[in-house]
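With my numbering applied, the sequence shown corresponds to residues 1 to 63, in that order. Ideal Cβ placement from N, Cα and C applies to all residues, glycine included.
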Amino acid sequence: MKVKVNEEACIGCGACTAVCPNVFTFSEDGSHAVAKVEEVSDADKEAVNEAKDGCPTLAISAE
């Protein structure tokens with residue numbers, strides 16, 4: 001599974017970083033979330049999907 005954060009859509013609410021800190025963190029300036037990894041491990045797939053589904057701006061894509 002690959003994951004990306006649309007930086008223009010992200011409002012920096014932090015929901016994804018709370019749900020899946022292994023994959024998501026904040027940008028250096030703290031204005032939006034970024035994916036720490038491009039390829040998600042099997043252990044983190046469920047949490048990534050939860051973060052994706054919970055994103056208020058639908059800024060996370062995972063396939």
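Environment of residue i [buried if 16+ CB atoms lie within 10 Å]
i          : result
residue 60 : buried
residue 43 : exposed
residue 35 : buried
Bounding residues of the beta strand (DSSP E) (the contiguous stretch that carries residue i)
i          : result
residue 19 : Taken as a continuous stretch (DSSP letters only), residue 19 belongs to no beta strand (DSSP E), being part of the alpha helix (DSSP H) at 15-19.
residue 3  : 3-5
Opening and closing residue of the alpha helix (DSSP H) in which residue i lies
i          : result
residue 40 : Element bounds for residue 40: n/a, residue is neither H nor E.
residue 59 : Premise fails: residue 59 is in no alpha helix (DSSP H) and is neither H nor E.
Nearest to residue i (by Cα), restricted to the options the options
i          : options    : result
residue 29 : 51, 58, 11 : 11
residue 17 : 32, 9, 38  : 32
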